[in-house]
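The numbering of the sequence shown is full-length UniProt numbering, which starts it at 1 and goes up by one.
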Amino acid sequence: MPYSFRVHIHLGAHKTASTFIQNWLSKHMEFLAQNQIAYIPLARLRQKFMPAFWRAVENSTQISDKQGQLLECLYTETRDLGFDLANTKLLLLSEENLLGGLNTLVTQGLLYPRLEQRMNVLAQLFNDFPLHTFLAIRNYADFYPSAYAETIRHQYLKSYDEFLTHLAWQNNSWLQVIATIQASLAPLTLWAYEDFREHTAAILSALLDLEIPSAMIDATTTDRPSLSQKGLDLAMHSRHLLTPLEMKRLVNLLADKMIFEPPDNKIVLPDPARIALLNTQYQTELMTLAPLRLKFDQHPCNQL
Numbered sequence: 001m002p003y004s005f006r007v008h009i010h011l012g013a014h015k016t017a018s019t020f021i022q023n024w025l026s027k028h029m030e031f032l033a034q035n036q037i038a039y040i041p042l043a044r045l046r047q048k049f050m051p052a053f054w055r056a057v058e059n060s061t062q063i064s065d066k067q068g069q070l071l072e073c074l075y076t077e078t079r080d081l082g083f084d085l086a087n088t089k090l091l092l093l094s095e096e097n098l099l100g101g102l103n104t105l106v107t108q109g110l111l112y113p114r115l116e117q118r119m120n121v122l123a124q125l126f127n128d129f130p131l132h133t134f135l136a137i138r139n140y141a142d143f144y145p146s147a148y149a150e151t152i153r154h155q156y157l158k159s160y161d162e163f164l165t166h167l168a169w170q171n172n173s174w175l176q177v178i179a180t181i182q183a184s185l186a187p188l189t190l191w192a193y194e195d196f197r198e199h200t201a202a203i204l205s206a207l208l209d210l211e212i213p214s215a216m217i218d219a220t221t222t223d224r225p226s227l228s229q230k231g232l233d234l235a236m237h238s239r240h241l242l243t244p245l246e247m248k249r250l251v252n253l254l255a256d257k258m259i260f261e262p263p264d265n266k267i268v269l270p271d272p273a274r275i276a277l278l279n280t281q282y283q284t285e286l287m288t289l290a291p292l293r294l295k296f297d298q299h300p301c302n303q304l
C-alpha cells in the first residue's frame, strides 16, 4: 500500500548530540504518535533495517530491486511499534551511521569516504516521498578528539598519537560532506553543535516540524560521556594485557561510570597551531554554509 507521509532524515553527524536527540525521541513515543509522527528507536533500527541498508550500499547497482524490501522493513518496524502509517504525516529517521562509521577516521584518516554511495541509496529508497535531511557539524578541534574517544569504545585501539599522525587533515571537510549529501538529498538544514544546548527545543521542532516547548527538554540530561584523559591513559596502559572484548568493556566502564579525582581533563589536540588552523577552517565554513543553517532567532520556540 502506498503512503503519503513526508520523511525527515537526521544524519548526525557523529559526536553532535545525536544520542541526546534519539533518547528524547524514544522517551516521547506516545507524544509523537499523538502528533502523527512515526519514529523507530535507534537500537531497533539497527537490528534489521541498518544491516539491510548496508547490504544495499554494497550492491547499490541493484537498489531498485531492494527498495521495496527496505521500505517494508521500515513499515513493519513502525507498525510493530503501534504507529498507524495510513494516518502518519511524518516519518523521522535518526541514525548517524547512515553517513558511515567513525572507524574510517582510524583506519584511513578519512571522514565518511563512501558517503556518495550511501546517500544515493537513501535517495533512491525515498524517491517517492517528500524528503528533508538534517545535519549538525562540529568544530574540528573538538570533533577529532571526541571522535577518537568514541572509536576507542569500539575496539579501534590505536594510540592517540597514532590516530593524529594518520589523520588526513587536508582531506576532511564539512563542506565536502554537505555537498555530497545535497547532491543526492536536498533540501538540507544544518546547525552547529556549539548551538545545540541553547537551542535544543528549536532543533527538535525543526526535525519534527512541530513546535516543541522548552519545558519538554530536560536541561539536566547530558550527552553521552566521552573518555577523559585519565581514562584514555588507563586504557592505553591496559591494551596489551586485555582481549579486545575486555578492552571494550573497560573503556565503556571508564567513560560511563568512572569519576576520576581532579585534575582530569578532556582529550584535546596537543598542537595550538593546529587548533588555530582548524578553528579558522571551521568558522570560514560556517560562513559559507550560512544559507543552510537553522535560523534560531526566527524560530517560534524562541518566543515562548
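The C-beta atom is built at its ideal place from N, Cα and C for all residues, glycine as well.
| query | By how many angstroms is the C-alpha of R46 removed from the C-alpha of L91? | reply | 16 Å
| query | R79: buried (16+ other C-beta within 10 angstroms of its C-beta) or exposed? | reply | exposed
| N- and C-terminal bounds of the alpha helix (DSSP H) containing W54 | F49 to E58
| query | Within 10 angstroms of its Cβ, does V251 collect 16 or more other Cβ (buried), or is it exposed? | reply | buried
| message | Do F296 and residue 325 have their beta-carbon atoms positioned less than 9 Å apart in this structure? | response | The displayed coordinates of the chain run from 1 to 304. Any statement about residue 325 would go beyond what the structure contains.
| said: Counting C-beta neighbours from all protein chains within 10 Å, is the total for A202 16 or more, i.e. buried, or is it exposed? | reply: buried
| said: Just verifying my parser: in three-state terms, what is the DSSP assignment at Y39? | reply: strand
| message | Quick check on L15: buried or exposed, where buried means 16 or more other Cβ atoms within 10 Å of its Cβ? | response | In the sequence as displayed, the identity of residue 15 is Lys instead of Leu. Counting Cβ neighbours within 10 Å, K15 comes out buried, since at least 16 surround it.
| said: Does H299 come out as helix, strand or coil in the three-state DSSP assignment? | reply: Low confidence applies to H299: its pLDDT is 44, below 50, so where it sits in the model is not reliable enough to give any reading.
| query | DSSP state of residue 308, grouped into three classes? | reply | As displayed, the chain neither begins before 1 nor continues past 304, which places residue 308 out of reach and without an answer.
| Presumed contact (8 Å Cβ cut-off) between S228 and K257, rounded CB distance | Not a contact, Cβ separation roughly 12 Å.
| query | Should L125 and A56 be called a contact, given that it needs their Cβ atoms to be closer than 9 Å? | reply | yes
| message | Give me, in chain order, the residues of the same chain whose beta-carbon lies closer than 8 Å to that of L110; leave out the 5 immediate sequence neighbours on both sides. | response | T104, A168, N171 and N172
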